[in-house]
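These protein sequence lines are chains A and B, in that order.
Residue numbering for the first sequence follows our numbering, starting at 1 and increasing by one per position.
Residue numbering for the second sequence follows our numbering, starting at 1001 and increasing by one per position.
Positions of the beta carbon are idealized from the N, C-alpha and C atoms, including for glycine.
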Amino acid sequence: MESLIGVNCSAMECSSTGAPIWRDILAQAMTGELLAAMNYTSLSEMCEDPTEIADALEHAQGEQGHAAAFAAEGRKIGVDVINNVDAKHWKRLRDAFLRCITERDFIGCLIVQEIMLESFAVASYSRVGKVAPGSLGGTFARIAAEEEDHVDHAMAILRAERARDAQRFDDKVYRLHLDVMTTLAQMLAKECKDGHCEVCHASCVKPSLFEVSLSAAELRGASLQQYLKTLDMLGIPGEVTLTWVTQLPV
Amino acid sequence: MGDSVAGVTTPARTIGVDLPPTVDFALIGHQESWRAAADVLAVLRGPERTPLPDDEIEDILPWIPPRAVCHVDVGSIIRTKSGGAKARGLYIDSFIPPDRLEAAYVHENIARVRKAAACAIQAGAKIVSLGGFSSILIEGNFDQLPERRGTFFTTGNTLTVAFIVQGIQKMCALEGRNLRRSTLLIVGATGDVGSGCARCLAPIVKRVLLSARNVERLRGLAAKLQDDGVQVEVAADLQQFSAEADVVICAASLASPSLLLGRIASDAIVCDAGYPKNLSPTAEMLDAKVFFGGLGQITGGMKFTPDLHGVLNRHPFPDVVHGCLLEGVALALEHRFEPFSQGRGFITQERVDEIETIAARHGIYLAPLYNADGPLEDGLDARWNGREAA
Chain A
1 MESLIGVNCS AMECSSTGAP IWRDILAQAM TGELLAAMNY TSLSEMCEDP
51 TEIADALEHA QGEQGHAAAF AAEGRKIGVD VINNVDAKHW KRLRDAFLRC
101 ITERDFIGCL IVQEIMLESF AVASYSRVGK VAPGSLGGTF ARIAAEEEDH
151 VDHAMAILRA ERARDAQRFD DKVYRLHLDV MTTLAQMLAK ECKDGHCEVC
201 HASCVKPSLF EVSLSAAELR GASLQQYLKT LDMLGIPGEV TLTWVTQLPV
Chain B
1001 MGDSVAGVTT PARTIGVDLP PTVDFALIGH QESWRAAADV LAVLRGPERT
1051 PLPDDEIEDI LPWIPPRAVC HVDVGSIIRT KSGGAKARGL YIDSFIPPDR
1101 LEAAYVHENI ARVRKAAACA IQAGAKIVSL GGFSSILIEG NFDQLPERRG
1151 TFFTTGNTLT VAFIVQGIQK MCALEGRNLR RSTLLIVGAT GDVGSGCARC
1201 LAPIVKRVLL SARNVERLRG LAAKLQDDGV QVEVAADLQQ FSAEADVVIC
1251 AASLASPSLL LGRIASDAIV CDAGYPKNLS PTAEMLDAKV FFGGLGQITG
1301 GMKFTPDLHG VLNRHPFPDV VHGCLLEGVA LALEHRFEPF SQGRGFITQE
1351 RVDEIETIAA RHGIYLAPLY NADGPLEDGL DARWNGREAA
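In structure tokens:
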């Protein structure tokens, strides 16, 4: 349980100048968590093995908890954190996941959620956790660590799958990369060139991130680095994944 | 992005599966300039995509973890029943940002080289050459490399020294100078490359001037050379030397070529063997004969996959590579998987002769001479043997 002093300090620091920025950062994070919860729920509906169903539902619940934690952090600094899972980029990410569901592609679902979306979450939450004051920073750091555990869990399944047929597995990852990582790269671009993201409260938060010691370039760099490291752990050759990443839009 | 699913299999299949799982050698390097880095990324990005803007490259590159960039296939001039002897390798980039080469980033850069070394080990490379700044970072810190089994590391400094010495001898021959009457100045004389050059050239010049920041180490090197009857002077500050040098090896990068002014003959032969190379003949030494030293040329063929020819090796002549990297290639072609160059101060004339012989056996020779203004010769005679001039 946090002390009253800690909460007050956090609220003061955040609300002084950065509250609108933290509100938008929290909105993106909360939307991502809700989308992850929806993805895991969809996965549970596809699974037949009771253990897999239970795992997926547990994950969904965990992501709901993360979303609630972000909403609570918003309240502490006096902002109402909105979410919009139908915002254009997030919707495309959800659609990519649902295509895997339609194809009953369990491995594809894991690749999209655990390798691609979680790389983005782990890296960006970690960066935010380092600069956000008080409990806000602590919450981001804690959730980043929990998301990393998810990746570890999926890694064993995915490695075993790759061991069965590396070429087939790598082709699948590349196909999903083109779909999902292209969208994520557009989200992570230094400027939103194709209009409002439909999650930020007013104008785009990216140009203001420097006010809270962050930058869009840093969040993108850290996310791509995490993604490359995760693909390394899967055993996909580094020269191949480097080419994939350099071909993403900026 | 417009890529079809049919095209999806191409990159992975070309590189990841059709090739054998292990490689003979690995070359660890990094890009010297943002321009070079941009060119590498442009090739990887493909001609159908707009090249990344410079500001995006500077934002993205520092985040790329060390990793293989391309496969390198090299050929020997030795013929076997099944054709020419060959070796297969990987070029691994540590992705040290070109603006972070200075001392302030030394720990970060060592960490990057360690990770690049781990990539080489994981790829099963039997011999690994440390190129450019990687070699400088690790030459005194081999214990900082990851644990390895069956993978040997070499700084490649012995072949670098061989090519520097050959280059000096060739330039003297081209300019009609008698090396035996020369006063040789070595800047950065206590480093592995500088001290190796001193041991090889001191016996065949009139006088040696040694300069480095560490005076104690300088004196130690000088004492050993003096024991062999060499006339030696040492100084941390170039202005303190009593004589003017007419042959100069810069084994350490100079902050400015003007540091040499006044202490070298106006028409001195100057070998820029530092890293990165930054001496320009047109800067403040108009009559000096400046050339880039330590470079070799593979004549048995070299192929990059993907095709980074002329991008990774940016020289005015084909198949030219830094000597430090070529040492690993030569050892791989020779099937001598051993840590040929390690530590600092162990390069002797005998070791230089040995690696020179191995390299030449496989068609790896001193590269045609050039400098920042371009070629100093036509590059037709790839088989220069420096000992002829000595």
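Output the residue ranges of the alpha helix (DSSP H) runs that lie fully inside the region 1211-1261 of chain B and measure 4 residues or longer, sorted by chain position.
-> For the region 1211-1261 of chain B, whole alpha helix (DSSP H) runs of length 4 or above, ordered along the chain, are 1215-1227.
What in chain B is Cβ-close to A:L224, meaning under 9 Å?
-> Annotation: Cβ neighbours of A:L224 in chain B (cutoff 9 Å, chain order): I1060, W1063, I1064.
Based on Cα-Cα distance, which residue from A:L178, A:P20, A:A36 lies nearest to A:R75?
-> Of the candidates A:L178, A:P20, A:A36, the residue whose Cα lies closest to the Cα of A:R75 is A:P20.
Mind listing the chain A neighbours of B:L1044? Cutoff is C-beta to C-beta under 8 Å, in chain order.
-> The contacting residues are L242, T243, T246, Q247.
Within its chain, find whatever has a CB closer than 7 Å to the CB of A:L26; leave out the 5 residues flanking it on each side and keep chain order.
-> Excluding sequence neighbours, A:L26 sits near F70, E73, G74, V81.
Answer with yes or no whether the minimum CB distance from B:A1068 to chain A is below 8 Å.
-> Yes, B:A1068 counts as interfacial toward chain A.
Counting pairs of Cβ atoms below 8 Å between the region 1074-1082 of chain B and the region 1033-1047 of chain B, do you hit three or more?
-> Here the region 1074-1082 of chain B makes no contact with the region 1033-1047 of chain B; the two share fewer than three CB pairs at distances below 8 Å.
What did DSSP end up calling A:Q167 once you bin it into helix, strand or coil?
-> The answer is helix: DSSP assigns A:Q167 an H, G or I state.
Residue-level contact to chain B via CB, A:E211, 8 Å cutoff | So no, A:E211 is outside the interface.
Interface flag, A:C237 vs chain B, CB-CB below 8 Å | The sequence as given places Pro at residue 237 of chain A; Cys does not occur at that position. Cβ-Cβ to chain B under 8 Å: yes for A:P237.
When you compare only the Cα positions, how much space is there between A:N84 and A:G32?
-> Annotation: A:N84 to A:G32 spans about 9 Å, alpha carbon to alpha carbon.
Chain B partners of A:V250, CB-CB under 7 Å?
-> Against chain B, the beta carbon of A:V250 has neighbours under 7 Å at L1052, E1056, listed in chain order.
Note down the Cα distance separating A:V199 from B:V1106, rounded to an integer number of angstroms.
-> Whole-angstrom Cα-Cα distance: 41 Å.
Does B:L1041 get closer than 8 Å to chain A when you measure Cβ to Cβ?
-> At least one CB atom of chain A sits nearer than 8 Å to the CB of B:L1041.
Could you give the DSSP three-state label for B:T1154: helix, strand or coil?
-> B:T1154: strand per DSSP, three-state reduction.
At least one CB of chain A closer than 8 Å to the CB of B:A1012: is that the case?
-> Since pLDDT at B:A1012 reaches only 36, below the 50 mark, its modelled position is unreliable, and no value is offered.
Does the beta-carbon of A:K39 have 16 or more other beta-carbons within 10 angstroms, so that it is buried, or is it exposed?
-> In the sequence on display, residue 39 of chain A carries Asn and not Lys. Of the other Cβ atoms in all chains shown, 16 or more fall within 10 Å of the Cβ of A:N39; this residue is therefore buried.
In DSSP terms, what B:K1086 is bridged to = B:K1086 is bridged to B:G1075.
For A:K88 and chain B, any beta-carbon pair shorter than 8 Å?
-> The beta-carbon of A:K88 is placed no less than 8 Å from the nearest beta-carbon of chain B.
Give the secondary structure of A:V250 by DSSP, where H, G and I count as helix, E and B as strand, and everything else as coil.
-> DSSP places A:V250 in coil when its eight states are reduced to three.
Inter-residue spacing [alpha-carbon to alpha-carbon] between A:R168 and A:L242 = Near 19 Å, if we compare the C-alpha coordinates of A:L242 and A:R168.
Inter-residue spacing [alpha-carbon to alpha-carbon] between B:V1321 and B:G1328 | Each residue's Cα considered, the two are about 11 Å apart.
Among residues of its own chain, excluding the 5 on either side of A:S223, which ones have a beta-carbon nearer than 8 Å to its beta-carbon?
-> Excluding positions up to five away in sequence, the list reads S119, F120, A123, S124, L184, L188.
Are the region 1047-1054 of chain B and the region 1324-1344 of chain B touching, with three or more C-beta to C-beta distances below 8 Å?
-> Not touching, per the Cβ criterion.
Helix, strand or coil for A:M233, going by three-state DSSP, please let me know.
-> Three-state DSSP puts A:M233 in a helix.
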